[in-house]
Every structure is written in C-alpha cells, then in structure tokens.
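In numbering that gives the first Met the number 0, the protein residues as written are 0 to 249.
What follows is one structure encoded as structure tokens, with my remarks underneath.
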Amino acid sequence: MNSAVVNSIVTDSAPESTSESFQDACISEASIDARVKELNERYHNLTPEQRVEQLYKDFSPSEVMLTSSFASNSAFLLHLFSITAPQQIIHFIDTGYHFPQTLSYKKRLTELYHLDVVDVHPEEWKHEYTLKDETWKSDPDFCCSINKVEPLDEIKKKYKVWVSGLIRWQTEHRASLDVFEHRGGMIKFYPLIDVTKEERDAYIRDHNLPFHPMVAQGYSSVGCIHCTKPGDDRCGRWVDTAKAECGLHL
Ligand code: SF4
C-alpha cells in the first residue's frame, strides 16, 4: 500500500462535518478572533509566570490542554506549570520513534516535578505502515501527520486552549506568533513565546533544571530518531529537507 492510498483511507475516515451552518461557523470564528485579540492585549506585558497564573483566572482547568515533547526546552515550561498549575495534565505524543534518552528524560522530569503525564499514541496499523515503509524518508509530512498530528485530533476537541512551549527564535514560523493565536477553532497559548535565549538559560540555571541528556552531545533540538541530528537551534531537525515543523503547530 503506498502513502497515497493510506492517505485516502485517513482522509475518508475523518469525522463528518457537523450540521453547523457556514454562517454560524463564521460567527464563531470571528468571536474566537476577538477573544484572542483581547487576551493578547492583556497578556502582552506579563512575564511567563504571570501569564500562566492569569490563564487559570480566564479559563477553567478543564478547558486547558498542554502538550510537551520532553525535548531540550521542555523543562522550562514543565517546571513553570508544576509550580503555578500542578493539576495540569501533560499530553506526550509517543510517536514510537523517540530516542531512549527522551523517554528516560520524560521519566526523570515526571518524577522530579510530580507531573501527571498522559501518553498519546498513533493508531497501531498506521504506525506499523510508516515503520515498514520508512515513510520519514519519502514523505516526512505524512509520517508526522500519522504519528504526531492525527493522534491528537480527537483529544483537542475536548479543550478550548492548547498550551505549548514554542519560542520565537526557534524557527521562522514561530517568529511570527503572538502569545495567543487562533488555530482551527482552538486558542493556542504560548507563554514562553518572547523569551530570549539568555532568559531561557537564566531560568534553567536559577532553578537548576536538568537539560535533556542529548544537549551535552550537541543536540540543541531533539525529536524522533530518524529526523534528528546534532546542530544548533533546530538545524538538526529534518536535515536536507525544507521541513522545519512537524505540523502540530501550523
Ligand atoms: S519526526 Fe520523523 S519519524 Fe517522527 S513522525 Fe515526523 S517524519 Fe516521522
């Protein structure tokens, strides 16, 4: 079975659209845009800590979803939430292709900060397909879609706000983001978005946070085994391709 066939099966099995009229959908999109604008105005000058505290005044915990890849920068966001919102569940997308060091780092941070982590997995037969096909070589976007993006789709529907630790200096796409963004009917929340490298390093140093073990081996960014090499910032991700994002945050 080639990736086009699997792609069509994935698309065909997508849930049917609701009976919401186009006009209702436009009104709802416009109201989310207005909410995002208002939130950005209020959160713009706050510190990351203040932003996280304020989030739970503006939304109930049951409306907030947080994802972490337990990669190089993850300790910052996870430590912040463990102090200001220890009840927050952390969703970890287990692609099946993580480095063993990432899984042991996840275990270490979970124990250290008493995190409540829920693993999210791709559908087994689809993951097996990518394994046999080595889809990351021929079509990494499709591989990420199966193993990262799609597993979170059902979960996302239960929440209004999606928190992640994106920072502007990481990629060109991230450089264009604000503290809040409207994406596909959800409000994305990036409390660290305007943190500089120096501020990130100072937070890690001041709080004595453990780095991902592969950072010391020259990996500034750590993703799946097949798509990660040593390099500065995100230069070691999807080397020799135009791909810079897994698609989760696009
Ligand atoms: S990062 Fe690579 S191996 Fe991981 S899901 Fe994406 S393409 Fe597949």
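Don't be surprised by glycine CBs; every beta carbon is placed ideally from N, CA and C.
Smallest Cα separation from Phe75: which of His211, Asn44, Pro229 and Ser144? Translated into positions along the sequence shown, residue 75 becomes position 76. Residue His211 is the option with its Cα nearest to Phe75.
Classify Ile224 as helix, strand or coil using the three-state DSSP reduction. By one-based count along the sequence shown, residue 224 stands at place 225. For Ile224, the three-state secondary structure derived from DSSP is helix.
Is Cys142 near the ligand SF4, in the sense that its beta carbon is under 8 Å from a heavy atom of that ligand? Within the sequence shown, residue 142 is the residue found at index 143, counting from 1. Yes - the ligand SF4 has a heavy atom lying nearer than 8 Å to the Cβ of Cys142.
Nearest candidate by alpha-carbon position, reference Ile88, set Leu102, Tyr112 and Arg107: For the purposes of this step, residue 88 is taken as the residue at position 89 of the sequence shown. Each of Leu102, Tyr112 and Arg107 was checked against the Cα of Ile88, and the nearest Cα belongs to Tyr112.
Please tell me whether Thr240 and Pro139 are closer than 9 Å, where the distance is taken between their beta carbons. In the sequence shown, counting from the first residue as 1, residue 240 sits at position 241. In the sequence shown, counting from the first residue as 1, residue 139 sits at position 140. Taking C-beta atoms as the reference points, Thr240 and Pro139 count as a pair closer than 9 Å.
What is the rounded straight-line gap between the Cα of Asp51 and the Cα of Pro85? Stepping through the sequence shown from its first residue, residue 51 is reached at position 52. Stepping through the sequence shown from its first residue, residue 85 is reached at position 86. It should be pointed out that residue 51 corresponds to Val in this sequence rather than to Asp. The alpha-carbon of Val51 is positioned some 11 Å away from that of Pro85.
Verify whether the separation of the beta carbon atoms of Thr101 and Phe69 is less than 9 Å. The count along the sequence shown starts at 1 and reaches residue 101 at position 102. The count along the sequence shown starts at 1 and reaches residue 69 at position 70. Yes, these two residues count as a Cβ contact at 9 Å.
Unbroken stretches of the alpha helix (DSSP H), 4 residues or longer, contained in the segment 124 to 209: Complete alpha helix (DSSP H) runs here, min 4: 134 to 137, 139 to 143, 149 to 155, 171 to 174 and 196 to 205.
In whole angstroms, give me the CA-to-CA distance for Asp32 and Cys25. Taking the sequence shown and counting its residues from 1, one reaches residue 32 at position 33. Taking the sequence shown and counting its residues from 1, one reaches residue 25 at position 26. Approximately 10 Å between the Cα atoms of the pair.
Go ahead and label Val63 buried or exposed: buried means 16 or more other beta carbons lie within 10 angstroms of its beta carbon, across all protein chains shown. On the sequence shown, residue 63 is found 64 positions in, with the first residue counted as 1. Buried.
Is Pro139 near the ligand SF4, in the sense that its beta carbon is under 8 Å from a heavy atom of that ligand? Here residue 139 refers to the residue found at position 140 when the sequence shown is read from its first residue. Pro139 Cβ: within cutoff of the ligand SF4.
I'd like to confirm the pairing. Which residues does DSSP put opposite Arg236 in its beta bridges? Position 237 of the sequence shown, counting from 1, holds the residue named residue 236. Its beta-bridge partners are Thr227.
My output table needs one value for His43: the three-state DSSP class, helix, strand or coil. Position 44 of the sequence shown, counting from 1, holds the residue named residue 43. Annotated three-state conformation of His43 is coil, per DSSP.
For Phe91, list the residues DSSP reports as bridge partners. Looking up residue 91 in the sequence shown gives position 92. Paired residues: Asp118.
Do Thr83 and Trp161 have their beta-carbon atoms positioned less than 9 Å apart in this structure? Locating residue 161 in the sequence shown gives position 162, counting from the first residue. Locating residue 83 in the sequence shown gives position 84, counting from the first residue. Annotated as distal: Trp161 and Thr83, with beta-carbon spacing of 9 Å or more.
Between the CA atoms of Val35 and Glu122 - distance to the nearest angstrom: Along the sequence shown, one-based indexing puts residue 122 at 123. Along the sequence shown, one-based indexing puts residue 35 at 36. Cα to Cα, the separation comes out at about 33 Å.
I need the boundaries of the beta strand (DSSP E) containing Leu247, first residue and last residue. Locating residue 247 in the sequence shown gives position 248, where the first residue counts as 1. Per DSSP, Leu247 lies in no beta strand (DSSP E) and is assigned neither H nor E.
Tell whether a beta-carbon distance below 9 Å holds between Ile154 and Tyr189. Counting from 1 along the sequence shown, the entry for residue 154 is found at position 155. Counting from 1 along the sequence shown, the entry for residue 189 is found at position 190. Tyr189 sits away from Ile154, with the two beta carbons spaced by 9 Å or more.
Using C-beta distances below 8 Å, list every residue in its chain close to Pro209, excluding the 5 sequence neighbours before and after it, in chain order. One-based indexing of the sequence shown puts residue 209 at position 210. The answer, listed in chain order, is Ala74, Tyr104, Arg107, Leu108 and Leu111.
Beta-bridge pairing of Thr66 - partner residues as DSSP gives them: In the sequence shown, the residue the question calls residue 66 occupies position 67. DSSP, once it has assigned bridges, lists His90 as partnering Thr66.
Residues near Pro229 by beta carbon distance below 7 Å, same chain, minus five either side: If you number the sequence shown from 1, residue 229 lands on position 230. Scanning its chain for C-beta atoms nearer than 7 Å, with the 5 sequence neighbours on each side dropped, one finds around Pro229 the residues Gln216, Gly217, Tyr218 and Gly235, in chain order.
Is Gly230 close to the ligand SF4? I mean its beta-carbon at under 8 Å from any heavy atom of the ligand. Along the sequence shown, one-based indexing puts residue 230 at 231. Gly230 has its CB no nearer than 8 Å to any heavy atom of the ligand SF4.
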